[in-house]
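Mapping of the sequence shown onto the UniProt record's numbering: position 43 corresponds to residue 43, and the numbering continues sequentially without gaps. Glycine residues also receive a C-beta, built at the ideal position from the N, C-alpha and C atoms. Comments concern the structure below.
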Amino acid sequence: MAPPPSVPMGNPLGSKAGGSGTVKECAVLLWLQNPGTHRKSQMSVPSRQQVLRLYKHLIRYGNQLIYTDKKYFLNRIRSEFRENRKETNPEKIEFSFKRGGTLLRNGRVV
C-alpha cells in the first residue's frame, strides 16, 4: 500500500497562479481555500475484500523480512487476524485496519 504517486496536473486555480502542481499540492490549495470543509473523514468499515488484501500484503511483507524473525511475524499476523475475525465493533475494525496499513507503510507500528 504505497502512497499514490504525485501525478502532474493542471493548475486548479487557473492561469493567474501560474505553473502546474501535483495532486497533493492541489489538495492543499483547495483545503487552504475552504479550511472548514476538511474535517476528519469518517472512514467506513473496510470491506471483506480490503481486509483480505491487507492480510495478503502483510503476509508478503513478512516473507521478505531479513532482520526480523519471519516465523514470529507471520504467526503474529495470522493470530491477530484470527482473534479479530468475529469483531463487530466498527471502531475496533477500523483501528485494526489502519494499524495494519501503518505497518505496511512505515515498516513498524507507531
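Here the alpha carbon of Glu87 sits roughly 29 Å from the alpha carbon of Gln64. For Arg48, the enclosing alpha helix (DSSP H) stretches over residues 48-63. Within the same chain, Val45, Glu87 come within 6 Å of Ile93 by CB-CB distance, once the 5 residues on both sides are set aside. Linking Glu83 to Arg60 through their CA atoms gives a straight-line distance of about 20 Å. CA-to-CA, the gap between Lys98 and Glu91 works out to about 11 Å. In this structure, Ser96 is the residue among Gly107, Ser96, Arg105, Asn106 with its C-alpha nearest to the C-alpha of Ser47. Taking all protein chains shown into account, Gly107 has fewer than 16 neighbouring C-beta atoms within 10 Å of its C-beta and is therefore exposed. The beta carbons of Gly100 and Leu58 sit closer together than 8 Å. Taking the Cβ atoms as the reference, Gly62 lies roughly 6 Å from Lys70, within the contact range of under 8 Å.
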